[in-house]
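A quick write-up on the structure given underneath.
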Amino acid sequence: MVAPTFDISKSSAAEATRANGEGLRYRLDVVAASAVDVVQSAGGWLYDRAMAGWEVTVLLPRGCDTRSLRILGVRAADLEPELAGLGEGSTSLAVSAEAFTADARVRAVVLESLDSRLTEVALWGDGWPLGVDRATTRAQHLLSGAARMFKGYALAAEGIPATTVGATEALLCDVGSGSDSELIRLD
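At position 121 of the sequence shown the residue is numbered 121 (my numbering), and the sequence of numbers has no breaks.
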């Protein structure tokens with residue numbers, strides 16, 4: 001009689017991850033100053049991406065309440081420890097104007113991503129510098145019915161009464177991002 005065996009080494013675990021497709025997921029890194037900012041400006045888009053199988057991680061300053069983000073099905077993490085690896089290996093990067101203004105390291109990652117064209121970049125908020133404005137175009141995301149519903153729940157969790165969640169969310173996207181993005185260009 002032969003007993004089946006299996007390898008439990010770290011290298012076999014990595015191979016199994018690649019084999020079952022876990023390592024092949026699209027990744028969206030989001031940087032914002034608060035969960036409220038994320039939910040109000042891009043909550044529906046993030047929900048739709050998460051439900052489409054994307055690995056969505058929102059990086060926030062320490063101490064932010066993340067309940068509303070969990071409602072949207074996205075992972076929240078502390079910005080400081082994750083900042084060094086921001087953008088590495090991600091397919092897409094989304095940043096709020098407030099986070100861009102607050103941290104020079106975030107600015108550097110955004111500007112590098114806009115120059116490289118390897119990462120889709122989405123931005124929201126007002127007050128972007130001229131260099132960023134020239135590298136982006138206005139776009140919108142059409143929210144699914146489920147995204148509208150869950151965004152409403154997330155807004156309520158933040159204490160924001162939302163009688164009606166809009167059908168679209170306005171963003172800025174990099175001019176060089178592919179036409180296969182679900183963001184609808186307005187310019």
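Quick reminder that beta carbons are idealized off the backbone N, C-alpha and C, glycines included.
The three-state secondary structure of D29, taken from DSSP, is strand.
Its Cα nearest to that of D78, the residue P61 stands out among P61, T91 and T66. Rounded to the nearest whole angstrom, the C-alpha separation of D187 and G125 is 17 Å. Here DSSP, grouped into helix, strand and coil, assigns I160 to coil. Counted as a single uninterrupted DSSP element, the alpha helix (DSSP H) harbouring L114 occupies residues A104 to S116. By DSSP's assignment, E55 forms a beta bridge with R27.
Taking C-alpha positions only, R138 is separated from P81 by approximately 31 Å. In the three-state DSSP reduction, V36 falls in the helix class (H, G or I). Sequence-distant partners of T136 (beyond 5 residues in either direction) whose C-beta falls short of 7 Å from its own C-beta, in its chain, are L123, L172, C173, D174 and V175. Taken through DSSP and simplified to helix, strand or coil, S96 comes out as strand.
Shown here, E88 sits in coil according to DSSP, grouped into three states, outside any helix or strand. Residue pairing from DSSP places W124 in a beta bridge opposite S96.
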